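**Student:** Just so you know, my numbering puts 151 at position 160 of the sequence shown, and the rest follows in order with no gaps. Have a look at this one.
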Amino acid sequence: MQPIQLLLSQPSEPIAPCASRFWGNPDLPADMDYPTYMDSEGQPCEYQFICQINLAEVAPYDTQQRLPHKGLLSFFAKIDHYLGDFDNPDFIGSCISNTDDVCVLYFPEVGLPGPHEGFEAMVLVNTDEQPINPAELCIRFSNRPAGPYAEEHALFAHPTHREWETWDHPFEHWQILLQIDSCEGADFQLNFMDCGVLDFLIDPNDLAAADFSKVRGIVLST
């Protein structure tokens, strides 16, 4: 299975609504609340938005027809700990997580990048009314293998960071939907344990059905 590399860069202008982006703010239906989970104290807490993938943009690289070629796929996870909030006890570890440790949303009605009726950027702000999320980065896609020192962000990545033959039971046949590598920028430092990766895992049957509701996560560090 050929990975699709995600190449990140600084945008020269604001990224179009509903386009692929890393960090920044997710485009969500205006009548939808920002995704949350219940933390260890039973309080609602916002997931960290990681990225959104416009599937029309990735379609030319998905030569094996693994994803729908229309829609918006948005990835959230409990990763505040890996962004420097070390006192936060709610985070994905080195065992396959529960389904509520990540949140993957699929909006099939979204077409090409640009304004879509009923969708708007959902901006989280702090007490000073400043955006909480790191500044948005552009995503380009490539079928070329990543270089030896390149960041390993990829759809359908090979499990090269897994130190055992298969995933634990009952997930032996699951595959990596998206891999996010440790990386840093002007306003963030993302470090999964010791320069490891976060893998979003999916059952191939769910992938074939475009059902992203049961995705799980795991952090691997070699």
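Every residue, glycine too, gets a C-beta built ideally from N, C-alpha and C. As the structure is a computational prediction, the values presented were derived from the model and not from experiment.
1) Could you tell me if the beta carbon of Val206 falls within a distance shorter than 6 Å of some heavy atom in the ligand NAD?
2) Looking at the secondary structure, which residues open and close the alpha helix (DSSP H) in which Val49 lies?
3) With H, G and I counted as helix, E and B as strand and the rest as coil, what does DSSP make of Ala68?
4) Tell me which residue opens and which closes the beta strand (DSSP E) that Pro35 is part of.
5) Whose CA, out of Pro136, Asp197 and Gly109, lies closest to the CA of Tyr52?
6) Would you kindly work out how many angstroms separate the C-alpha atoms of Asn117 and Phe179, rounded to a whole number?
7) Inspect the CB distances between the segment 18 to 32 and the segment 158 to 165 and report whether three or more fall short of 8 Å.
8) If you measure between the beta carbons of Gly62 and Leu74, is that distance less than 7 Å?
9) Touch check for the segment 199 to 206 and the segment 91 to 105: three-plus C-beta pairs under 8 Å?
10) My output table needs one value for Thr27: the three-state DSSP class, helix, strand or coil.
11) Going by CA-CA distance only, name the one from Ser0, Ala10, Thr213 and Asp91 that's closest to Trp155.
12) Buried or exposed: where does Cys42 fall if 16 or more other Cβ atoms within 10 Å of its Cβ makes it buried?
13) Excluding five sequence neighbours on each side, which residues of the same chain lie with their C-beta closer than 6 Å to the C-beta of Asp172?
14) Report the three-state DSSP secondary structure of Leu217 (helix, strand or coil).
15) Below 8 Å, how does it come out for the segment 9 to 22 and the segment 69 to 83: are there three or more Cβ pairs, yes or no?
16) Just how far apart, CA to CA, sit Leu103 and Ile87?
17) My understanding is that Ser85 touches Ile(-5), with C-beta atoms under 8 Å, so please give their C-beta distance in whole angstroms.
18) Could you check the C-alpha separation between Ala50 and His60 for me, to the nearest Å?
**Tutor:** So, from the data block:
1) No copy of the ligand NAD occurs in the structure displayed, which carries no ligand at all.
2) Leu46 to Val49
3) strand
4) Pro35 to Glu37
5) Pro136
6) One C-alpha to the other measures close to 16 Å.
7) Not touching, per the Cβ criterion.
8) no
9) yes
10) Strand, per DSSP.
11) Closest by alpha carbon: Thr213.
12) buried
13) Glu142, Glu143, His144 and Val188
14) Any property of residue 217 remains undetermined from this structure, which presents the chain solely from -8 to 213.
15) no
16) 34 Å
17) That pair is no contact at about 25 Å.
18) Between Ala50 and His60, the C-alpha separation is close to 5 Å.
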